[in-house]
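Numbering (this note's numbering), first residue to last: 79 to 496.
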């Protein structure tokens with residue numbers, strides 16, 4: 079969070095609304111993360127490494143109140159999770175976390191160390207590491223430490239709350255996701271700032287080099303950005319590029335529009351695991367009216383922030399009415415996409431979720447609900463792993479179930495497949 083300034087002898091900076099929104103998402107996500115991954119009552123230890131690559135000074139002022147920044151949020155939620163998860167357990171669960179807080183400004187890390195001491199935390203290399211320096215210079219050592227602590231799984235959450243769009247190289251994120259099997263990255267990305275600065279000059283080519291965009295790609299983006307729906311197209315292209323270049327199979331963006339600059343920021347969650355994606359998309363539905371999303375609720379809504387091109391696009395706010403609209407739109411658009419997916423052979427429910435996850439605001443449960451309705455309407459059928467047809471009245475899909483076309487699909491006027 080280098081747009082803020084901290085000094086150990088001065089009060090912390092005032093927080094801005096968009097930063098409060100990011101803190102809310104982070105806190106809620108860590109809570110859900112601990113709960114989702116610790117449902118097994120026999121588990122005795124859960125290891126997780128939490129890394130903040132742009133940690134800042136640890137606290138903010140909000141009116142007359144001092145509130146926790148991201149390092150304290152991570153520490154607080156780990157402690158709360160152990161207390162919460164052990165309330166109903168007979169076998170005690172130990173939450174074994176290690177924290178890494180990095181910031182390039184010495185004044186920021188000095189303030190952070192002071193804040194940690196005041197809150198009763200001891201900074202040491204065993205549990206809490208505070209480093210002054212550039213994250214890209216520290217990450218290699220951090221990855222080595224995580225792999226020593228967690229040689230099998232490498233479970234970690236990296237928060238990279240950069241200012242702008244070029245402080246975090248995509249190759250660095252790719253390296254994190256490649257070296258740690260269960261790592262996730264939450265990346266701030268100033269998408270609209272990048273779109274505004276696109277120009278065919280040597281300076282922009284150098285500025286976007288961390289994004290691994292070729293000169294040809296930059297030229298294509300420049301050509302598209304001023305056309306009809308150009309910004310929407312450019313942002314969708316950038317989002318796909320980020321996912322591919324980082325090696326993330328799933329990406330879930332929150333679109334944050336600060337009141338001061340009005341320039342869209344992406345708070346982008348990158349992971350290789352469907353459960354992580356579903357936890358994050360669930361937060362979209364739980365944290366309503368804090369973020370701006372435009373477009374249809376079925377496919378493409380999460381592809382861009384189309385505020386500048388939104389004259390004909392509805393605001394999607396993840397409320398009850400939005401869910402109803404999304405279900406209607408999915409019933410209209412999913413059958414054709416699903417037919418193409420299973421036309422040659424049945425596919426598992428898990429594969430269906432994977433195929434459509436990055437295209438829609440729907441949770442996996444929402445997609446499953448639509449598939450079940452299409453099964454009841456005889457558009458598709460569900461097979462168990464052995465190939466036996468399951469009842470059309472089934473209430474819940476298993477990830478290993480397979481979606482298939484019925485033996486004879488009559489393309490009548492009542493079919494939803496077009």
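Backbone N, C-alpha and C fix where the C-beta goes; we use that ideal spot for every residue, glycine too. Everything numeric in this text was worked out from a predicted model, so none of it was measured.
Endpoints, alpha helix (DSSP H) assigned at residue i
| i | result |
| --- | --- |
| residue 151 | 148-163 |
| residue 434 | 427-434 |
| residue 353 | 352-364 |
| residue 112 | 95-114 |
DSSP three-state assignment for residue i, whether helix, strand or coil
| i | result |
| --- | --- |
| residue 208 | strand |
| residue 328 | strand |
| residue 166 | coil |
| residue 89 | coil |
| residue 460 | strand |
| residue 344 | strand |
| residue 475 | coil |
| residue 301 | helix |
| residue 403 | helix |
| residue 218 | helix |
| residue 202 | coil |
| residue 77 | No answer is possible for residue 77: it lies beyond the span of the chain, which begins at 79 and ends at 496. |
| residue 494 | coil |
| residue 482 | strand |
| residue 213 | helix |
| residue 196 | helix |
| residue 241 | coil |
| residue 292 | coil |
| residue 144 | strand |
| residue 139 | strand |
| residue 502 | For the chain, the structure presents residues 79 to 496; residue 502 sits outside this window and is missing. |
Buried or exposed by the 16-neighbour rule on C-beta atoms within 10 Å, applied to residue i
| i | result |
| --- | --- |
| residue 457 | buried |
| residue 166 | exposed |
| residue 462 | exposed |
| residue 256 | exposed |
| residue 380 | Only weak support is given to the placement of residue 380: the predicted model assigns it a pLDDT of 45, under 50, and the value that follows is read from those uncertain coordinates. The residue in question, residue 380, is buried, as its Cβ has 16 or more Cβ neighbours within 10 Å. |
| residue 218 | exposed |
| residue 479 | buried |
| residue 406 | exposed |
| residue 454 | exposed |
| residue 148 | buried |
| residue 449 | buried |
| residue 143 | exposed |
| residue 472 | exposed |
| residue 431 | buried |
| residue 131 | buried |
| residue 353 | exposed |
| residue 100 | buried |
| residue 281 | exposed |
Residue i versus residue j: straight-line alpha-carbon distance, rounded
| i | j | result |
| --- | --- | --- |
| residue 299 | residue 486 | 45 Å |
| residue 231 | residue 301 | 44 Å |
| residue 195 | residue 253 | 33 Å |
| residue 223 | residue 198 | 24 Å |
| residue 183 | residue 446 | 48 Å |
| residue 241 | residue 193 | 23 Å |
| residue 102 | residue 347 | 14 Å |
| residue 322 | residue 228 | 26 Å |
| residue 415 | residue 494 | 11 Å |
| residue 116 | residue 262 | 17 Å |
| residue 444 | residue 422 | 25 Å |
| residue 88 | residue 292 | 44 Å |
| residue 238 | residue 159 | 23 Å |
| residue 418 | residue 327 | 21 Å |
| residue 459 | residue 428 | 15 Å |
| residue 270 | residue 82 | 20 Å |
| residue 119 | residue 288 | 44 Å |
| residue 481 | residue 424 | 5 Å |
| residue 466 | residue 283 | 56 Å |
| residue 145 | residue 236 | 21 Å |
| residue 97 | residue 105 | 12 Å |
Opening and closing residue of the beta strand (DSSP E) in which residue i lies
| i | result |
| --- | --- |
| residue 174 | 172-181 |
| residue 440 | Looking at the DSSP string, residue 440 is not in any beta strand (DSSP E), and its letter there is neither H nor E. |
| residue 234 | 233-238 |
| residue 267 | 260-267 |
| residue 250 | Premise fails: residue 250 lies in the alpha helix (DSSP H), 248-257, not in any beta strand (DSSP E). |
| residue 276 | Element bounds for residue 276: n/a, residue is neither H nor E. |
| residue 126 | 123-130 |
Practice problem: Could you tell me whether the segment 184-204 touches the segment 132-149, where touching means 3 or more Cβ pairs closer than 8 Å? | Solution: yes
Self-check item: Stretch-stretch touch, CB-based, cutoff 8 Å, three pairs: the segment 107-123 with the segment 149-160
Solution: yes
Practice problem: Indicate whether the contact test is met: 3 or more Cβ pairs, each with one atom in the segment 395-410 and one in the segment 429-447, closer than 8 Å. | Solution: yes
Practice problem: Mind the definition here: the segment 208-217 touches the segment 236-252 only if three or more C-beta pairs lie below 8 Å; say whether that holds. | Solution: yes
Quiz prompt | Cβ contact (3+ pairs, closer than 8 Å) linking the segment 196-203 and the segment 90-102 | solution = No, the segment 196-203 does not touch the segment 90-102.
Exercise. Could you tell me whether the segment 357-367 touches the segment 267-287, using the rule of 3 or more Cβ pairs below 8 Å?
Key: no
Quiz item: Are at least three pairs of beta-carbons, each pair with one atom in the segment 408-415 and one in the segment 326-334, less than 8 Å apart?
Solution: no
Practice problem: Would you check if the segment 113-128 and the segment 164-184 touch, i.e. whether three or more CB-CB distances between them fall below 8 Å? | Solution: By the C-beta criterion, the segment 164-184 is judged to be in contact with the segment 113-128, since at least 3 inter-stretch pairs fall below 8 Å.
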